[in-house]
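Engineer: Quick one: structure below, then a few questions.
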Amino acid sequence: MAVRTWGLALLLLLGLGSQEALPPPCASQIYCYGELLHQVQMAKLYSDDKNFVDMSLSKDPDQVLQSFRALATAHNGSIPRQQLQEFVHQHFRSVGQELLAWTPEDWKDSPQFLQRISDTKLRAWAEDLHQIWKKLGKQIKPEVLSNPERFSLIYSKHPFIVPGGRFVEFYYWDSYWVMEGLLLSEMAETVKGMLQNFLDLVKTYGHIPNGGRIYYLQRSQPPLLTLMVDRYVAHTNNTAFLRENIETLALELDFWTVNRSVSVNLGGQNYTLNRYYVPYGGPRPESYSKDEELANTLPEGDREALWSELKAGAESGWDFSSRWLVESPNLDSLSSIQTSKRVPVDLNAFLCQAEELMSNFYARLGDDVQAARYKALRNQRLTAMQAVLWDEQKGAWFDYDLENMKKNLEFYPSNLAPLWAGCFSDPGVVDKAVKYLEDNQILTHQYGIPTSLHNTGQQWDFPNGWAPLQDLVIRGLAKSQSPQTQEVAFQLAQNWIRTNFDVYSQKSTMYEKYDVSRGQAGGGGEYEVQEGFGWTNGVALMLMDRYGDRLTSGTQLALLMPHCLAATFLFHLLLGFLSQ
């Protein structure tokens, strides 16, 4: 608990009320704040700021700081680029040396789900995706445990699967879709180890950080740990694991209750929901120069608030998106970000789902008191989401703007997250979602569901499509009893699988995001599109498992596009009528 205690103490010492008072994201004067970090990152020695803060130290931090101060003094505080480069070379080691490549011991050829995929080309591709797990496995060297001060990497006892590309450490919400894929690959022991790492982090810090670096410590990511445990326990029937860790799951949900709750008053009634909120200052270390330059476009008194909102945007997993930006004239400007001023649909859906799972867990373990408590919490959240986020006319939920006291009625796939999470009481809302998608012309996109309809240049906006967001919509719609709505879910799955498969056929690569306007690898945001890729692979395997008897690798569906999928429904309904 040392890091949390330090942060809280500093917060109290400085006083949160002042714009200048926000503490840095961790205590390290090398990895989280300070003149050394500032000079190196602003010199842009690397094309990606993350590169520097992922390097480990070749000496103890006190020695490195002492050498840096001597160098700075010799150059009157402004160290020339060449000397700075030499300093980094002398005192830091290149990225990744604290990690070992790891082949999961429970990986095996030909898991059973492959036999459920009828299309031979898709089955061969799924086999390739299954092989990729061996390339994404990492294990942390023991030296990180014995000398943690020399590393930004947070030590984890068990090996794990990483997303890929620049992301060589674990990430919180990515890991859910990775685990779904791993369970299909019959790699339950790998999943168990990753879960134990996360549970250890909750015991140490009270929450799971955004990712496995100390500069991520004060922000989390969408809370899916309870769901991860549910999937593992359902797969293995390991009730003993659940019993051992149920209180740790409760501790993580307490973090969101204590630190991320917000009250909304509507019609004289108060409703408690949750938001993303990271009251820590300074530029994000892994994007330091971008955050510093963006802040320089604002008055000095507004910079700490900007940096806090950027961290909250990173906590949301949607870094960055028009979801968090103020409306025109600044919609395209990241400096208008106000993540903490929004009550997000997906966050509250995830917590609602977690509360239901916790109620079920406690009932399974024979604790009726706690089961009833979490059931009540879920019911309270359902009521609050219905009152604050649901729009009957449009047939969807919407983020609530706390500043302007109104819903943000723009399209985002997250608006349908309650369907995926099972967080609704009226079964009819699932079919209303199809009309919502049609009204926003989402079903005309043949390569996948766009992340928004705004092209801001941010990566969580148009034209990018992301695997987890396809899953939110597809599995949400699949909950319907209506054959037509289930057909929409299938066709959306077919579109996404076709995009992933076609790009893989051309590039032999899976990407973190895709351009759904052209059926290519995605772009935009703060870094180049990354290859790997954990959650994309997981969702592809899930969809091929669910729809493997129907999905095709060919061009049959493309003949029906780009017309609205309504035409596809008519086509399939006509076939059904003729066959009767």
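Sequential numbering of the sequence shown, starting at 1, is according to my numbering. For every residue, glycine included, the Cβ atom is placed at its ideal position computed from N, Cα and C.
Indicate whether the contact test is met: 3 or more Cβ pairs, each with one atom in the segment 136-148 and one in the segment 215-231, closer than 8 Å.
Structural biologist: Under the three-pair Cβ rule at 8 Å, the segment 136-148 does not count as touching the segment 215-231.
Engineer: Return the residue from the list E327, N197, G212, L334 that minimises the CA-CA distance to N404.
Structural biologist: E327
Engineer: Would you kindly work out how many angstroms separate the C-alpha atoms of I79 and F151, rounded to a whole number?
Structural biologist: 24 Å
Engineer: Which word fits A478, buried or exposed, when buried means at least 16 other C-beta atoms lie within 10 angstroms of its C-beta?
Structural biologist: buried
Engineer: Please classify P285: is it buried, with 16 or more other beta-carbons within 10 angstroms of its beta-carbon, or exposed?
Structural biologist: The C-beta of P285 has 16 or more other C-beta atoms within 10 Å across all chains shown, which makes the residue buried.
Engineer: Output the distance between the C-alpha atoms of A183 and F501, rounded to the nearest integer angstrom.
Structural biologist: The residue asked about is misnamed: residue 183 is Leu in this sequence, not Ala. Rounded to whole angstroms, L183 to F501 spans 21 Å at the Cα level.
Engineer: Which residue from V529, T485, L409, V434 puts its Cα closest to that of G465?
Structural biologist: The shortest C-alpha separation from G465 is found at V529.
Engineer: Can you check the segment 131-163 for any alpha helix (DSSP H) of at least 4 residues that lies completely inside it and give the ranges in chain order?
Structural biologist: 143-146
Engineer: Counting only runs of 4+ residues fully inside the segment 408-442, write out the alpha helix (DSSP H) ranges in chain order.
Structural biologist: 417-421, 429-439
Engineer: By alpha-carbon positions, which one of R213, R546, Q506, V233 ends up nearest to C32?
Structural biologist: R213
Engineer: In or out: E86 buried (at least 16 other Cβ within 10 Å) or exposed?
Structural biologist: exposed
Engineer: Between the segment 471-491 and the segment 513-524, are three or more C-beta pairs nearer than 8 Å?
Structural biologist: no
Engineer: Name the residue from G137, Q115, K138 whose alpha carbon lies nearest to the alpha carbon of E127.
Structural biologist: Q115
Engineer: Pick helix, strand or coil for G181, following the three-state DSSP scheme.
Structural biologist: Helix.
Engineer: Please report the Cβ distance between Q481 and A421, rounded to the nearest whole angstrom; I am assuming they are in contact, meaning their Cβ atoms lie under 8 Å.
Structural biologist: Their Cβ separation, rounded to whole angstroms, is 18 Å, which puts Q481 and A421 out of contact at 8 Å.
Engineer: Among Y447, M179, Y216, which residue has its Cα nearest to the Cα of L541?
Structural biologist: Closest by C-alpha distance to L541, out of Y447, M179, Y216, is M179.
Engineer: Assuming N197 and K157 make a contact with CB atoms under 8 Å, what is their CB distance in whole Å?
Structural biologist: 7 Å
Engineer: In the DSSP output, what is Q520 paired with across the bridge?
Structural biologist: D515
Engineer: Ordered along the chain, which non-local residues of its own chain (more than five positions away) have a Cβ less than 7 Å from that of S425?
Structural biologist: In the same chain as S425, and ignoring 5 residues on each side of it, the C-beta atoms closer than 7 Å to its own belong to L382, in chain order.
Engineer: Can you tell which of T552, R546, G534 has the C-alpha that lies nearest to the C-alpha of L612?
Structural biologist: Outside the displayed span of the chain (1 to 580) sits residue 612, for which this structure offers no information.
Engineer: In terms of residue numbering, what span does the alpha helix (DSSP H) encompassing S67 cover?
Structural biologist: 61-74
Engineer: On the DSSP letters alone, give me the boundaries of the beta strand (DSSP E) that S94 sits inside.
Structural biologist: No beta strand (DSSP E) holds S94; DSSP gives it neither H nor E.
Engineer: What residue does the beta strand (DSSP E) around T272 start on, and which one ends it?
Structural biologist: 269-274
Engineer: Select from Q82, L57, R243 the residue whose C-alpha is nearest the C-alpha of R364.
Structural biologist: R243
Engineer: What does a CB cutoff of less than 7 Å around N415 pick up in its chain, not counting 5 residues either side in sequence?
Structural biologist: V345, A396, W397, F398
Engineer: Count the other CB atoms within 10 Å of the CB of K50; is the residue buried (16 or more) or exposed (fewer)?
Structural biologist: buried
Engineer: Would you kindly work out how many angstroms separate the C-alpha atoms of V53 and L153, rounded to a whole number?
Structural biologist: 9 Å
Engineer: What's the C-alpha gap between T103 and L136?
Structural biologist: The straight-line gap from Cα to Cα measures roughly 8 Å.
Engineer: Measuring CB atoms only, is the segment 386-395 touching the segment 301-321, in the sense that at least three cross pairs come out at less than 8 Å?
Structural biologist: no
Engineer: Quick check: what's the CA-CA separation for Y527 versus R166?
Structural biologist: 9 Å
Engineer: Could you have a look at G538 and say whether DSSP puts it in helix, strand or coil?
Structural biologist: helix
Engineer: Please classify N237 as buried or exposed, where buried requires at least 16 other C-beta atoms within 10 Å of its C-beta.
Structural biologist: exposed
Engineer: Within 7 Å: the Cβ of A43 and any heavy atom of the ligand MN?
Structural biologist: Annotation note on the ligand MN: not contained in the displayed structure, which lists no ligands.
Engineer: If you draw a straight line from the alpha carbon of N265 to that of A21, how long is it in whole angstroms?
Structural biologist: 29 Å
Engineer: Using alpha carbons as the reference points, say which of L453, Q459, S553 lies closest to G523.
Structural biologist: Restricting attention to L453, Q459, S553, the CA atom closest to the CA of G523 is found in Q459.
Engineer: Could you check which residue in I132, A384, K121 has the C-alpha nearest to that of T509?
Structural biologist: I132
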